[in-house]
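Novice:
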Ligand code: GDP
């Protein structure tokens, strides 16, 4: 699936990722190619345009993460944007079938894979959720279709509603409902008739069935290889019948994957399952992460960038240390520092990570600076005014009282904090003044 699109995109990104530094122009050129690749995969124009814009905005605004190339970072941004386009609200595989017997209406054009998917889904519900399922074919114009479902039913061990000649689809739907209730089934699935194209009669028939069955889920089955046609079909069925989701079939073929990308954005309806072959097991829930991975074919780069982004927090701490060396160390800095420490496993953890700071880590440990203390210190800083935070020298007795009371703590705690702030500032300055060869400066490079 998606092989063509995948190939095109990897070409673009291969070129990108080989470069060390990347200009805005490079990103633009690359994204222009991505846009062409998307359109060739039959992604609709507005969707492709929005997609590119989202990626461009993000790529341009984003700080370059260390240890990955900008190109690799763009791959990750494209990946995340793909996931965003593909993602629905909830778990795609979670069907609303809690009130037995729950009706599921299967709709779609002829040849899209509706009957096959009905049986695949029934098998899935039976095997994975232990549901008792009843299937019924409503395709009165094509006896072969009704027999096909019966044969599949036997094959997968799922009951089908006995075929009664001369009934219309609404009568069959009513009988299925009664049978499902009497027979103690959890779910009954109505495989409606399809047409080669959408026509009034088909829609009226499906509507009548819908009104009788009152389905919890109405799944549209469409051939994923038909690209934008699949999307138009979905729009049409949704407008007339109201669908709760889409099943894209034939996603095992190596055709254009555009339907998957446009479906959610154009119709607002989630893709719930994908058909990946003719066999009864060839049905998967639609996983945006996995599909995006398949489209891009660059899972290793995505993982790499994710890893690198985790270290960004550490880099922020580093920046602050640089400012501290210069003697620019306000209460706000201290607070950020304290918050960072909490995140990074306490002060000892952080000091331990920095070369030459082992001694300080020991002092910190001796001073009993555990998380609880750190949280109290943060509370104290929070109850200072902006001015006070910028210039702690302002803090005389009355202000101290107010701040301590604001944090619900003793003035003595505030004094300890102020002392620590002073000491840290002094120490940093001293370390910074040790010159070019200074340990800390060396470490901060
Ligand atoms: P219906 O007319 O919509 O009910 O379509 P069918 O269920 O009869 O399917 C038409 C053909 O498509 C059959 O030969 C199926 O085996 C095949 N088919 C259905 N789903 C898939 C799929 O996901 N992948 C592939 N390769 N073939 C499929």
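Residue numbers (full-length UniProt numbering): 1 to 445. Using N, Cα and C, we set each Cβ at its ideal position, and we do this for glycine too.
Would residue 169 and residue 228 be called neighbours here (beta carbons separated by less than 8 Å)?
Specialist: It is not a contact, given that the beta carbons lie outside the stated cut-off.
Novice: Is the Cβ-Cβ distance between residue 380 and residue 405 less than 8 Å?
Specialist: It is not a contact, given that the beta carbons lie outside the stated cut-off.
Novice: In terms of residue numbering, what span does the alpha helix (DSSP H) encompassing residue 286 cover?
Specialist: It is not in any alpha helix (DSSP H) - residue 286 carries neither H nor E in the DSSP assignment.
Novice: Quick one: what does DSSP say residue 11 is sitting in, helix, strand or coil?
Specialist: It is helical.
Novice: Just to confirm, does residue 28 get its C-beta within under 7 Å of one of the non-hydrogen atoms of the ligand GDP?
Specialist: No; taking the cut-off as 7 Å, the Cβ of residue 28 has no heavy atom of the ligand GDP nearer than that.
Novice: Measure the C-alpha to C-alpha separation of residue 398 and residue 419 and round it to an integer number of angstroms.
Specialist: Using only the alpha carbons, I get a separation of about 18 Å.
Novice: Going residue by residue through the stretch 201 to 280, where are the continuous beta strand (DSSP E) segments of at least 3 residues, counting only ones entirely within it?
Specialist: The qualifying runs are 217 to 223, 245 to 249, 271 to 275.
Novice: Distance check for residue 50 and residue 240, CA to CA, integer angstroms please.
Specialist: Whole-angstrom Cα-Cα distance: 27 Å.
Novice: Apart from the five residues just before and just after residue 120, which ones in its own chain have a Cβ nearer than 6 Å to its Cβ?
Specialist: Closer than 6 Å at the Cβ level, and outside the excluded window around residue 120, lie 280, 283.
Novice: Less than 8 Å between the beta carbons of residue 216 and residue 101, yes or no?
Specialist: Result no, Cβ atoms of residue 216 and residue 101 do not sit closer than 8 Å.
Novice: For residue 187, which beta-bridge partners are listed by DSSP?
Specialist: The partner list for residue 187 (beta bridge, DSSP) reads 102, 133.
Novice: Can you round the beta-carbon distance between residue 248 and residue 230 to whole angstroms, since I take them to be within the 8 Å contact cut?
Specialist: Indeed they touch by this definition, with Cβ atoms about 7 Å apart.
Novice: Should residue 110 be counted as a contact of the ligand GDP given a C-beta to heavy atom distance under 7 Å?
Specialist: It does: the Cβ of residue 110 is within 7 Å (strictly closer) of some heavy atom of the ligand GDP.
Novice: Give the single residue among 224, 142, 56 whose Cα lies nearest to the Cα of residue 73.
Specialist: For the residues 224, 142, 56, the minimum Cα distance to residue 73 belongs to 56.
Novice: Measuring only from the beta carbon, is residue 192 closer than 7 Å to any heavy atom that is part of the ligand GDP?
Specialist: No, Cβ of residue 192 sits at least 7 Å from all heavy atoms of the ligand GDP.
Novice: Report yes or no: do the stretch 132 to 141 and the stretch 285 to 293 share at least 3 C-beta pairs separated by less than 8 Å?
Specialist: They do not touch, by the three-pair rule.
Novice: Mind checking residue 487: buried by the 16 CB within 10 Å criterion, or exposed?
Specialist: This structure leaves residue 487 out entirely; the chain is present only between 1 and 445.
Novice: Could you tell me the alpha carbon to alpha carbon distance between residue 428 and residue 413, rounded to whole angstroms?
Specialist: Near 22 Å, if we compare the C-alpha coordinates of residue 413 and residue 428.
Novice: Compute every distance between the C-beta of residue 284 and the non-hydrogen atoms of the ligand GDP, then say whether any falls below 7 Å.
Specialist: Answer for residue 284: no, Cβ out of range of the ligand GDP.
Novice: Which one of 332, 164, 383, 189 has the shortest CA to CA distance from residue 117?
Specialist: Here the closest residue by C-alpha is 189.
Novice: Pop quiz: residue 202 and residue 108 are said to be a contact at Cβ under 8 Å. What is the actual Cβ separation, rounded to whole angstroms?
Specialist: Rounded, the Cβ-Cβ distance is 10 Å, inconsistent with contact.
Novice: What three-state label does DSSP hand residue 116 in the structure shown?
Specialist: Three-state DSSP puts residue 116 in a helix.
Novice: For residue 83, which residues of its own chain have a beta-carbon under 8 Å away from its beta-carbon, when the five flanking residues on both sides are left out?
Specialist: So the qualifying residues of the chain are 288, 289, 292.
Novice: Which class does residue 178 belong to by DSSP, given the choice of helix, strand or coil?
Specialist: Note: residue 178 maps to helix in three-state DSSP.
Novice: For the alpha helix (DSSP H) containing residue 426, name the first residue and the last one.
Specialist: Taken as a continuous stretch (DSSP letters only), the alpha helix (DSSP H) holding residue 426 covers 411 to 433.
Novice: In whole angstroms, what separates the C-alpha of residue 58 from that of residue 85?
Specialist: Roughly 15 Å separates the two Cα atoms.
Novice: Buried or exposed: where does residue 393 fall if 16 or more other Cβ atoms within 10 Å of its Cβ makes it buried?
Specialist: Exposed, since its Cβ has fewer than 16 Cβ neighbours within 10 Å.
Novice: Return yes when the Cβ of residue 96 is within less than 8 Å of the Cβ of residue 106, no when it is not.
Specialist: Cβ atoms of residue 106 and residue 96: not closer than 8 Å.
Novice: Only counting the same chain, and skipping five residues up and downstream in sequence, which positions put a Cβ closer than 6 Å to that of residue 390?
Specialist: Cβ within range, chain order: 330.
Novice: Report whether the distance from the Cβ of residue 124 to the nearest heavy atom of the ligand GDP is below 7 Å.
Specialist: Incorrect: residue 124 has no Cβ contact closer than 7 Å to the ligand GDP.
Novice: DSSP three-state call for residue 85: helix, strand or coil?
Specialist: Note: residue 85 maps to helix in three-state DSSP.
Novice: Taking all protein chains shown into account, decide if residue 401 is buried (16 or more other Cβ within 10 angstroms of its Cβ) or exposed.
Specialist: Classification for residue 401: exposed.
Novice: From residue 421 to residue 334, what does the alpha carbon distance come to, in whole angstroms?
Specialist: Whole-angstrom Cα-Cα distance: 7 Å.
Novice: I need the straight-line Cα distance from residue 272 to residue 245, nearest angstrom please.
Specialist: The straight-line gap from Cα to Cα measures roughly 6 Å.
Novice: Given a threshold of 16 other Cβ atoms within 10 Å of its Cβ, counted over all protein chains shown, does residue 182 qualify as buried or as exposed?
Specialist: Answer is exposed; the Cβ neighbour count stays below 16.
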